[in-house]
């Protein structure tokens with residue numbers, strides 16, 4: 034607000050990179066929350082809730098797609114074994130199998146891909162916005178700096194491990210890769226701003242809650258397959 038009074042040139046000091054428009058929107062929303070509850074940690078949590086709420090329809094489709102993909106695993110193995118010496122035919126048959134069962138093998142990646150711009154924009158906010166400099170939350174003295182006790186990244190890593198365990202994965206090797214990536218993410222986040230750790234931790238917890246809601250909804254819509262769905266999860 035102070036920079037805006039002096040003209041456009043000084044406003045360019047606040048540059049949030051590729052997702053500048055998203056960064057300013059998120060910062061504006063956090064400032065709105067901060068005026069109601071004067072703590073930026075709470076503002077980060079409320080912002081995370083809104084992001085998760087907006088992405089819920091895609092999260093739902095993604096989870097359903099992963100469940101269907103896991104149910105198709107036995108048929109996929111038959112096709113892979115039958116056409117193991119003919120890659121072109123194998124790809125065609127797998128695509129036909131996906132199409133016939135209305136499954137998108139890449140559908141599980143959509144929520145994560147859409148969160149990447151939010152993640153990058155939020156990281157830039159923590160770097161360049163004055164509001165979050167020195168903003169405390171619980172044991173963290175500054176949300177723009179790393180957690181001095183590494184509590185948030187460890188909690189985030191634990192939540193991600195639980196989520197990985199509960200997510201239906203058709204390929205055991207894919208599950209192992211997911212676990213490995215979770216460990217790598219946790220070590221990466223040790224040096225990231227505590228505000229970013231708070232965002233990802235809360236987002237993961239909300240994702241687990243949404244996953245449970247989706248499981249219940251699927252069982253309600255198809256009660257005869259409830260046992261099979263529970264087993265696949």
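In this note's numbering, the protein residues as written are 34 to 266. Ideal Cβ placement from N, Cα and C applies to all residues, glycine included.
query	result
With a threshold of 7 Å on Cβ separation, who are the neighbours of residue 182 within its own chain once the five nearest residues in sequence on each side are excluded?	172
For residue 170, which residues does DSSP report across the bridge?	173
State buried or exposed for residue 39, treating a residue as buried only when at least 16 other CB atoms are found within 10 Å of its CB.	exposed
Pick from 95, 94, 66: whose alpha carbon is nearest that of residue 82?	66
Does the region 152–159 come close enough to the region 46–56 that 3 or more CB-CB pairs lie under 8 Å?	yes
Roughly how many whole angstroms lie between the Cα atoms of residue 133 and residue 37?	56 Å
To which residues of the same chain is residue 56 closer than 7 Å at the C-beta, ignoring the five residues directly before and after it?	49, 154, 157, 158
Look at the alpha carbon of residue 248 and the alpha carbon of residue 218, and state the distance between them as a whole number of angstroms.	26 Å
If I follow the unbroken alpha helix (DSSP H) through residue 186, where does it start and stop?	184–199
Looking at residue 252: is its Cβ nearer than 7 Å to the Cβ of residue 224?	no
Can you list the alpha helix (DSSP H) stretches of 4 or more residues lying completely in the region 85–133, in chain order?	106–115, 120–133
Quick one: what does DSSP say residue 250 is sitting in, helix, strand or coil?	helix
Rounded to a whole number of angstroms, what is the C-alpha to C-alpha distance between residue 93 and residue 244?	8 Å
Does DSSP put residue 71 in a helix, a strand or coil?	coil
Could you check whether residue 124 and residue 189 sit closer than 7 Å to each other, using their CB atoms as the reference points?	no
For residue 181, does the three-state DSSP call read helix, strand or coil?	coil
Assuming residue 78 and residue 195 form a contact by the criterion Cβ under 8 Å, report the distance between their Cβ atoms to the nearest whole angstrom.	19 Å between Cβ atoms; not a contact.
Return the first residue and the last residue of the alpha helix (DSSP H) that residue 36 is part of.	35–38
Quick one: residues in its chain with C-beta nearer than 7 Å to the C-beta of residue 126, no 5 flanking neighbours on either side, listed in chain order?	112, 116
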